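Numbering (the UniProt record's numbering), first residue to last: 1 to 125.
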């Protein structure tokens, strides 16, 4: 994982990691397996914070709903479990490449999850 950029160097941008699938979408895991995996997530997040990468994230819970227009609300979302958004994290990085390096360290890959890396627009513009 690359080191964060200091305040006296290049400006940092905000990025969002969008997590899909992974352990939280797997009903076949035992409580002890899930707990061990969650502990990896905490260690990863704490390591990022320790390296000066402030981060805030959350895991999504089920069930949910999909709203399409004003009058159509359905249970769901319904998709393959590997495609369900299961959480997100917002943090700062020097560039998209730097943010991708952060995403490569994510524990979600252990259970087939994926991570989408997206820059967050600066609302002050």
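All residues carry an ideal CB built from backbone N, CA and C; glycine is no exception. Bear in mind the structure is a predicted one, so any value in this text is a computation, not a measurement.
**Request:** State the Cα-Cα distance for the pair residue 58 and residue 26, rounded to the nearest angstrom.
**Result:** 18 Å
**Prompt:** What do you get for residue 49, buried or exposed, if any count of 16 or more other CB atoms within 10 angstroms of its CB means buried?
**Reply:** exposed
**Message:** One question on the structure: do residue 97 and residue 53 come within less than 8 Å of each other, judged by their Cβ atoms?
**Reply:** no
**Enclosing beta strand (DSSP E) for residue 20 [first to last residue]** = 13-20
**Request:** Find out if the Cβ-Cβ distance for the pair residue 20, residue 86 is shorter than 8 Å.
**Result:** yes
**Item:** DSSP state of residue 99 mapped onto helix, strand, coil
**Value:** helix
**Message:** My output table needs one value for residue 119: the three-state DSSP class, helix, strand or coil.
**Reply:** strand
**Asked** Secondary structure at residue 62, three-state DSSP: helix, strand or coil?
**Response** coil
**Asked** Apart from the five residues just before and just after residue 56, which ones in its own chain have a Cβ nearer than 8 Å to its Cβ?
**Response** 89, 90, 91
**Message:** Check this for me: beta carbons of residue 34 and residue 103, under 8 Å apart or not?
**Reply:** no
**Asked** Does the beta-carbon of residue 22 have 16 or more other beta-carbons within 10 angstroms, so that it is buried, or is it exposed?
**Response** buried
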